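**Q** Quick one: this structure, given as structure tokens, is what I'll be asking you about.
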Amino acid sequence: MAIVERVFSGVQPTGNLHLGNYLGAIVNFVKLQETHNCIYCVVDLHAITQGIDVWGGPAQLARNTREVTAAFIASGIDPKKHIVFNQSQVTGHTELTWIFNCVARVGWLNRMTQFKEKAGKDRENASVGLYDYPVLMAADILLYRATHVPVGEDQKQHLELSRDIAQKFNNDFGDSIRRHGFNEGLFFPQPEPLITGPATRVMSLRDGTKKMSKSDPSDYSRINLTDDADTIAQKIRKAKTDPEPLPSEEKGLEARPEADNLVGIFAALSARSKADVLGEFGGGQFSSFKNSLVELCVTKLSPVASEMKRLVADPGYVDGVLVDGADRARAIADETMELTRDIVGFIRKH
Ligand code: AQP
């Protein structure tokens, strides 16, 4: 069972899928289909790590899971050629998490900044699942022995942890791994983060120093993939800016986070460089730039939104995609888990 190049990534069904998720992750997912075998997962087990008020309860979780699946397909992911499924249908994710819990060190998890940000001041009251989130993420990736993981910049630290877990597992169980025919002692690959593409960190429309996020209480901070043209226009027109006109060169965006963010979004959506965008709009006022940005956003996002709407109205089809994807994912996961159990020394029926 040699290591083959394989892409894995996931999106949480926590509602409000936004332009950051789209440009930072989904657009890259679509592109990678041309060169790799890809597995794209709706990570519902991750979604429940925050309070029930955040993930919205059972009916909302199911709705959000279908919505993320619809967004994948509407954006151009082909669930027949590649694998699209929801995480909870493949039990290997949780089983491998337990084994990795015994490999990962508490000191490693204590350094995870996302936990600190999400748990906030009330850390004692955060769920154990939220603390363990990065270990589940390592299991998601390594269950498929995936080699490449397209993510936004915010996930970089978690990817580094996945690499540390893979390496420690390979070291701890090196002799057993070799006895199982992996002569180099490498069972799990070191997954490579792919933090590339048009916009690896899209910022809030209300505060250019904060990441655009599903959980921001202000809906005006983000453009949701399901927003209609009027809502997109309102949000962009209200987006925070500064009183200066747009600079003519990229250097002029330094220390102007809101301007930088809007120019970055324009560049990403139009597949142009920021310098090129500033060549056209530099020296002008934000108002006319914003009008062009509204037009661009609506042109790019409306077809995705209307296809999502059509798919969400057909839950039978969407659930079918997830069940079919889970069957194909499970076939790969079972192979990894059987070997992993043997490597660790768990007795099982052969
Ligand atoms: N603002 C962003 N810019 C670029 N990429 C982003 N991603 C998220 N926000 C941005 C990338 O989207 C993928 C899916 O993210 P996720 O659903 O797993 O959760 P997250 O990273 O926690 O995203 P949110 O939207 O910010 O949710 P909350 O509010 O719950 O924290 C990932 O590849 C992520 O990098």
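Offset between the sequence shown (1-based) and the working numbering: plus 96. All C-beta atoms, glycine included, are put in the ideal place defined by N, C-alpha and C. Fair warning: this is a prediction, and the values are worked out from it, not measured in the lab.
1) Looking only at its chain, what residues have a beta carbon closer than 8 Å to the beta carbon of Leu226, apart from the 5 residues adjacent to it on each side?
2) To which residues of the same chain is Gly281 closer than 7 Å at the C-beta, ignoring the five residues directly before and after it?
3) Going along the chain, which residues of its own chain have a beta-carbon closer than 8 Å to the beta-carbon of Asp372, five neighbours each way excluded?
4) With a threshold of 8 Å, are at least 3 pairs of Cβ atoms found where one atom belongs to the stretch 190 to 202 and the other to the stretch 158 to 175?
5) Within the 8 Å Cβ cut-off, does Ala367 reach chain C?
6) What are the partner residues of Phe181, as DSSP defines its beta bridges?
7) Expressed to the nearest angstrom, what Euclidean distance is found between the alpha-carbon atoms of Ile195 and Ile237?
8) Okay, do the stretch 325 to 342 and the stretch 394 to 407 touch, 3+ Cβ pairs below 8 Å being the bar?
9) What residues match up with Met308 in a beta bridge as DSSP calls it?
10) If we ignore side chains and look at the alpha-carbon of each, how far apart do Arg259 and Asp228 end up?
11) Touch check for the stretch 305 to 313 and the stretch 334 to 343: three-plus C-beta pairs under 8 Å?
12) How many Å lie between Arg302 and Thr432 at the Cα?
13) Around the C-beta of Val100, are 16 or more other C-beta atoms found within 10 angstroms, so that it is buried, or is it exposed?
14) Excluding the five sequence neighbours on either side, which residues of its own chain have a C-beta within less than 6 Å of the C-beta of Ser314, listed in chain order?
15) I think Pro289 touches Leu257, with their Cβ atoms under 8 Å apart; what is that distance to the nearest whole Å?
16) Three-state secondary structure (DSSP) at Val298?
17) Tell me the DSSP secondary structure of Pro230 in three-state form.
18) At what residues does the alpha helix (DSSP H) containing Ser272 begin and finish?
**A** Judging by the given coordinates:
1) Thr145, Gln146, Phe211, Lys214, Ala215
2) These residues qualify, in order along the chain: Asn266, Gly270, Ile273, Arg274.
3) Ala363
4) no
5) Of the protein chains in the structure, only one exists, and it is not chain C.
6) Cys137
7) 14 Å
8) yes
9) Paired residues: none, contrary to the question.
10) Between the alpha carbons of Arg259 and Asp228 lies a gap of roughly 16 Å.
11) no
12) Approximately 45 Å between the Cα atoms of the pair.
13) exposed
14) Arg302
15) Not quite, the Cβ-Cβ distance comes to about 11 Å (not below 8 Å), so this is no contact.
16) Note: Val298 maps to coil in three-state DSSP.
17) helix
18) 270 to 275
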